[in-house]
Amino acid sequence: MRYGYVVPNNFGVADPNELIRLGVRAEALGFDSLWVNHHVLNVGYVRDRLGELPYHDALVMLTWLAAKTSRVTLGTSVLVMPYLHPMSLAKQLATLDHLSGGRLVVGLGVGSLPEENAALGVPYESRGAFCNEFLEVLRLLWTESGASFAGQHFSFTDLISSPKPLQKPHPPIVIGGNRPPALRRAARFGDGWHPMNCSPDGVRQRLQALRAEAAAVNRPEIPTMVQVRLDMKRVTPESAAEYADAGVTDLVMSLNSGDVQRNEDALEAFAAAMF
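Using the working numbering, you'd call the opening residue of the sequence shown number 2 and step up by one each time.
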């Protein structure tokens, strides 16, 4: 089992350098990966939690973490595709993949905050179809020297996106979500699946659905990375073994707290108990 730590860039910590320090400490303690959260605006449930407190930018945080670490995998849990454009994101992530020495994992999802979609002027109900095209475009820009695509949301001919990622054919893409549309998306487009708060039995049941979805689109195997995000307090040697038996490769853990000292104490305690 690999263990990841979600840096609480979404919990109102005033000084982002404190968040970077937590990530550096997690690497020193033996954690395998660091992850960041993504929203653009403090609206809906984000506003309810934070008010005007800071929610630090995902990709800026991840870039700074890349500069301050040397070993850990760096992931997004998850980028909300409707708030982004695949052409600019392809360049940003490819650049970050080079700067990090090929340590990037790209977590992507459709989002679940209608208020944010409305504020940003992007459709909510049709976001699934948009995100499917987004994923196709991202892969094409990363792998084709002159990419072309014709869809409902994106259409272009012979475009060059450069640099290409350091990892070939591209950084692993993991799809967030527990519901059937997310499973279909992971089976069709993903290199991995990134659910939240899923029990071992829930993982087993959904992996069966993933296998069926993969077979339906003639993919020979389900995505090989299965990364369950959950509260660190739920992870013990026994629960980790249950998740491993269910097919999980990574437990990506958060504290759901902006208390920096509490996060540091939890990292130290977890490392002492598990590593």
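We put the CB at the ideal spot given by N, CA and C, even for glycine. Predicted model only: the values in this text are computed from it and were never measured.
Following the continuous alpha helix (DSSP H) through residue i, name the residue where it begins and the one where it ends.
| i | result |
| --- | --- |
| S89 | P87 to L100 |
| V175 | Counting along the chain, V175 falls outside any alpha helix (DSSP H), though it belongs to the beta strand (DSSP E) covering I174 to G177. |
| F271 | V261 to M275 |
| P201 | P201 to A217 |
| R128 | R128 to T144 |
| D49 | G45 to L51 |
| N118 | P115 to L121 |
Compute the beta-carbon to beta-carbon distance between residue i and residue j, rounded to the nearest angstrom, for a pair I have assumed lies under 8 angstroms.
| i | j | result |
| --- | --- | --- |
| L184 | R207 | 6 angstroms |
| H154 | F131 | 5 angstroms |
| G108 | S89 | Not confirmed; about 18 angstroms, so no contact. |
| L66 | L35 | 6 angstroms |
| G110 | V81 | 6 angstroms |
| L42 | A120 | 6 angstroms |
| A210 | P181 | 7 angstroms |
| V106 | T64 | The Cβ separation is near 15 angstroms, so there is no contact. |
| W143 | A95 | 7 angstroms |
| R220 | A188 | 6 angstroms |
If you drop the 5 nearest sequence neighbours on each side, which residues of the same chain put their C-beta closer than 7 angstroms to that of residue i?
| i | result |
| --- | --- |
| F271 | M233 |
| V25 | K69 and T70 |
| N257 | D232 |
| N264 | P9, L23, L256 and S258 |
| G13 | L51, L54, P55 and G259 |
| R72 | E28 |
| K165 | A95 and W143 |
Looking only at its own chain, which residues have a Cβ that is under 8 angstroms from the Cβ of residue i, when we skip the five neighbours before and after it?
| i | result |
| --- | --- |
| D192 | P173, I174, V175, P224, T225 and M226 |
| G147 | D159, L160 and I161 |
| V47 | N11, H40, Y56, L114 and E117 |
| L268 | Y6, L23, R26, A27, L30 and F32 |
| G248 | V204, R205, L208 and V227 |
For the beta strand (DSSP E) holding residue i, just list the boundary residues, first then last.
| i | result |
| --- | --- |
| T158 | S156 to L160 |
| L105 | L105 to G110 |
| G5 | R3 to V7 |
| S149 | A148 to A151 |
Residues bridged to residue i by DSSP?
| i | result |
| --- | --- |
| Q228 | D251 |
| W65 | Partner(s): none; W65 has no beta bridge. |
| W286 | Here the chain comprises residues numbered 2 to 276, so residue 286 is not present and cannot be evaluated. |
| L75 | L35 and L105 |
| L80 | L109 |
Apart from the five residues just before and just after residue i, which ones in its own chain have a Cβ nearer than 6 angstroms to its Cβ?
| i | result |
| --- | --- |
| G103 | L167 and Q168 |
| G134 | Position check: residue 134 holds Glu in this sequence, whereas Gly was assumed. Excluding positions up to five away in sequence, the list reads G152, H154 and F155. |
| R3 | D33 and D251 |
| P87 | F135, V138 and L139 |
| S285 | Nothing can be reported for residue 285, as the shown portion of the chain is limited to 2 through 276. |
| E243 | P201 |
Fully enclosed by the region 10–41, which beta strand (DSSP E) runs are 3 residues long or longer?
List check, beta strand (DSSP E) in window: 34–37.
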